[in-house]
Amino acid sequence: MFEKPVNRLLPISYYIGCVLTALGAAELIPLAVALCWREWQVAAIFVFTMSVMVIVGASLILLGCRHRAEKLSWAEGMVVASASWLLGMLLCALPYQLSGHYLSYLDCCFDVMSGLTTTGVVMIQNMDHLSYGMNTWRFILTFIGGQGMVVLALCFLTKETSGAYKMYVGEAKDEQLRPNARNTARSIWSISLLYLLIGSLMTWVAVMEAGVPAGKAFLHGVWLYMSAWSTGGFAPMSQNVLYYHSAAVEIVTVVFFVIGSFNFALHYAVLKGKKREIRRNIETITFAVTLTILVLITTLGLMRDNVYPDAMSLFRKGFYQLVSGHTTTGFMTVYAKQFYYEWGDIALFAITVSMLLGGSACSTAGGFKGLRTGIIFSTFKTELKRMMLPESRVCEQKIHHIRDVVLSDAAVRSAFVIVTAYLITFVIGTLAGMFAGFPFAMAAFESASVTGNVGLTIGISSPTIPAMLKMVYIVMMWLARLEFMSVLALGAYLLKRTGRK
Amino acid sequence: MIKAKKSVAIGILREVCYACLLIGFGLAVAMLAVV
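So the protein sequences, as listed, match chains S and L. Its first residue numbered 1, the first sequence is counted upward by one per residue in the numbering used here. Its first residue numbered 1, the second sequence is counted upward by one per residue in the numbering used here.
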C-alpha cells in the first residue's frame with residue numbers, strides 16, 4: 001500500500017504544508033475585519049497565529065519541495081487530506097485559545113473541527129460578546145471547510161497536479177467538474193463566491209428588516225450566508241437564528257442552505273444551462289421524496305402532541321428545523337432543550353433520521369448523502385424487479401446523475417459500505433452519550449447531529465460534558481466529513497511507520 | 001460571454017425556484033395539518 005515510508009513522508013509533508021499555509025493566509029480576512037473595527041488586541045492575535053501557521057506550513061513545504069514532483073499514491077493522497085484536517089484543527093484553534101472565550105484547548109479544537117466539518121455545535125463561552133474579528137474567523141473556517149481546505153490549497157498554492165486529484169478525492173469530493181483537479185477546485189470556489197455575493201446581499205437586507213443596524217447587519221448577513229451556504233450552522237449570537245425572530249431571515253437562510261446542500265456537479269451543470277438536470281437528478285429527487293415523508297411525520301408528531309397550535313408556528317419551527325437537519329445545516333429557531341421536553345418522540349425521530357440522511361454528495365453537506373440513499377433505494381427496486389422477471393432476463397440498474405449512469409456492483413457496494421460506516425459511527429456516538437449519563441433519545445439525537453455534520457443540538461454539547469465525549473465527537477466529525485476512508489488510510493500509514501502490521 | 005452570463009443567471013433562478021418550491025410545500029403541509 002505504501003512504498004518506502006521514510007522517503008514518501010517528504011512529498012506528503014509538501015502538500016500538507018501547502019494546505020496549512022493556505023489556512024494561515026485565510027487569517028488575513030479576520031485580521032482585516034479586526035483592523036477595520038479597531039479591535040487591536042484581536043488583530044495582534046491574528047498576526048501572531050498567522051505567523052505561526054505560515055511558519056509551520058512553509059517549513060513543511062521547504063522540507064518536501066524537492067520531492068513535490070513525485071507522484072502520490074491513492075493512499076498517500078488520502079493521508080495528506082486527513083492529516084491536513086487534523087493539523088489544521090490544532091493550528092486553527094490558536095486564535096480561539098488566545099481569545100479568552102474557551103475553558104480549554106480541547107474546547108477550541110472542538111469548535112474548530114465543528115467549524116471546518118460544517119457541523120455547528122459549539123463550546124464557546126459568552127458568544128454574544130465575541131469580537132467581530134474572532135467571529136469572522138469562525139465563519140471563515142466554516143466556509144473553507146464546506147468547500148474543502150484541500151480544494152482551497154489546490155486553487156491557489158499547488159502547481160503540481162500529479163497528486164492533486166487523489167488529495168481532492170481524499171477530502172470526500174469525487175466529482176470532476178472539469179478534466180483537471182485544479183480547475184475543478186477553481187470551479188467549486190467560483191460557484192461559491194458567485195453565490196456569496198448574491199446571498200450576502202439578500203441576507204443583509206433580511207437582517208436589517210429584522211431591526212439590526214445596517215453596519216452590524218452587513219457582518220451578520222455575510223456570516224449567516226457563509227454558514228447557510230456551507231450548511232454550517234454557526235450563527236453570530238448564542239440563540240442562533242432564533243435571535244432575529246424574523247420570517248425574512250428564516251426564508252432567506254432556508255433558500256441558501258437548500259441550495260448549499262446541492263452537489264457542486266449539479267450547480268455546475270445547472271449554471272452551464274442544463275435545463276432539466278435539477279428535475280431529473282437522483283439527488284434532488286431523493287431529497288424531495290425523503291423530505292416529503294419526514295415533513296409529514298414531523299408535522300403529524302407535532303400536531304399529535306399539540307406543540308404548535310397555528311400553521312405559521314408549525315411551519316417556522318417544525319419545517320425549519322427539519323430542513324435545517326436534512327440539509328445538515330444546524331440553524332435553530334427553537335431552544336435546544338425544547339427538542340427533548342416539548343417536541344415528542346415522533347418529531348424527534350423524524351429529525352434524527354433526516355440528520356443521518358443528509359444532503360448531496362460532493363457538496364458542503366454531510367450525512368449518508370442523497371446519491372447513496374438513491375442508489376440504495378434503486379438497488380432494492382432492481383432486486384425486486386429481478387425477482388419478478390424470468391431468470392434469463394438481464395436487469396440493468398440505471399440512475400440519472402448529471403448523465404445516465406449504469407451502476408456497477410462496485411458503486412452499489414461502495415454506497416452500502418459508507419452508509420454502514422456512518423451507522424456504526426452513529427451507534428458508537430450514541431453509546432458514548434449514554435455512558436456520559438444522557439438518556440437514549442438525547443444521546444441518539446446528538447450523535448446523529450455529529451455524525452451527519454449537522455449542528456442541531458439537544459443540549460448535550462456544552463463545555464461541561466466529559467473530555468472523553470468531546471474527543472469522541474471530534475473524531476466522529478472528522479471521520480464523517482472525510483467519509484472514513486482517508487482517516488483509515490492515515491491510521492494504516494501510521495501503523496506502517498511504527499512497524500506494526 | 002453574454003450567453004454565458006444569461007445561462008448562469010437562469011441557472012441561479014432555477015436553483016432558487018427549487019428551494020422556494022420546497023418551502024411552499026412545507027407551508028402547505030403546515031396549513032393542511034392545522035385545518
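Beta carbons are placed, not taken as given, at the ideal position from N, Cα and C, and that holds for glycine. Keep in mind it's a predicted model, so treat the numbers as computed, not measured.
When the beta-carbon positions are compared, residue 247 of chain S and residue 298 of chain S stay at least 9 Å from each other. When the Cα atoms are used, residue 212 of chain S and residue 249 of chain S turn out to be separated by approximately 12 Å. At least one CB atom of chain L sits nearer than 9 Å to the CB of residue 284 of chain S.
When DSSP states are grouped into helix, strand and coil, residue 399 of chain S belongs to the strand group. One Cα belongs to residue 61 of chain S, the other to residue 97 of chain S, and the distance between them is close to 26 Å. Residue contact with chain L for residue 300 of chain S: present (Cβ-Cβ distance below 9 Å to some residue of chain L). Judged by pairs of C-beta atoms under 8 Å, the region 318 to 329 of chain S touches the region 248 to 264 of chain S, as three or more such pairs exist. Residue environment for residue 498 of chain S: exposed (fewer than 16 other C-beta atoms within 10 angstroms of its C-beta). In the structure shown, the three-state DSSP call for residue 406 of chain S is strand. Membership of residue 446 of chain S in the alpha helix (DSSP H) is indicated by the continuous run 440 to 451.
If you look at residue 335 of chain S, you'll find it isn't in any alpha helix (DSSP H); DSSP assigns it neither H nor E. Annotation: the continuous alpha helix (DSSP H) that includes residue 99 of chain S extends over 74 to 99. Taking 9 Å as the threshold, the shortest C-beta distance from residue 355 of chain S to chain L does not fall below it. One thing to note: residue 451 of chain S has its Cβ no nearer than 9 Å to the Cβ of residue 330 of chain S. An exposed status is given to residue 390 of chain S, since fewer than 16 other beta-carbon atoms sit within 10 Å of its beta-carbon.
Closest by C-alpha distance to residue 475 of chain S, out of S:428, S:496, S:437, is S:428.
As the crow flies, the alpha-carbon of residue 26 of chain S is around 8 Å from that of residue 140 of chain S. The C-beta of residue 84 of chain S has 16 or more other C-beta atoms within 10 Å across all chains shown, which makes the residue buried. 9 Å or more divides the Cβ of residue 20 of chain S from the Cβ of residue 478 of chain S.
Around the beta carbon of residue 263 of chain S, 16 or more other beta carbons lie within 10 angstroms, which makes this residue buried.
Inter-residue distance for residue 313 of chain S and residue 490 of chain S is about 47 Å (C-alpha atoms, whole angstroms). Contact of residue 24 of chain L with chain S by beta-carbon distance below 9 Å is absent, the smallest such distance being about 10 Å.
In this structure residue 493 of chain S is in contact with residue 75 of chain S, their Cβ atoms being roughly 7 Å apart against a cut-off of 8 Å. Inclusion of residue 431 of chain S and residue 355 of chain S in the CB contact set at 9 Å is not warranted, their separation being larger than that value. Burial of residue 244 of chain S is indicated by the presence of at least 16 other C-beta atoms within 10 angstroms of its C-beta.
Under the DSSP assignment, residue 246 of chain S falls outside any alpha helix (DSSP H); it carries neither an H nor an E label.
In the three-state reduction of the DSSP assignment, residue 148 of chain S falls in the coil class, being assigned neither a helical nor a strand state. In this structure, residue 194 of chain S sits away from residue 335 of chain S, with a CB-CB distance that is not shorter than 9 Å. Sequence-distant partners of residue 487 of chain S (beyond 5 residues in either direction) whose C-beta falls short of 7 Å from its own C-beta, in its chain, are 82, 478, 479. By the Cβ neighbour-count rule, residue 460 of chain S is buried, with 16 or more other Cβ atoms within 10 Å of its own. Judged by their CB atoms, residue 233 of chain S and residue 118 of chain S are nearer to each other than the 9 Å cut-off.
Counting along the chain, residue 29 of chain S sits inside the alpha helix (DSSP H) bounded by residues 28 to 36. Per DSSP, residue 102 of chain S lies in no alpha helix (DSSP H) and is assigned neither H nor E.
For residue 41 of chain S, the number of other beta carbons within 10 angstroms of its own is below 16, and it is reported as exposed. Inclusion of residue 91 of chain S and residue 52 of chain S in the CB contact set at 9 Å is warranted, their separation being smaller than that value.
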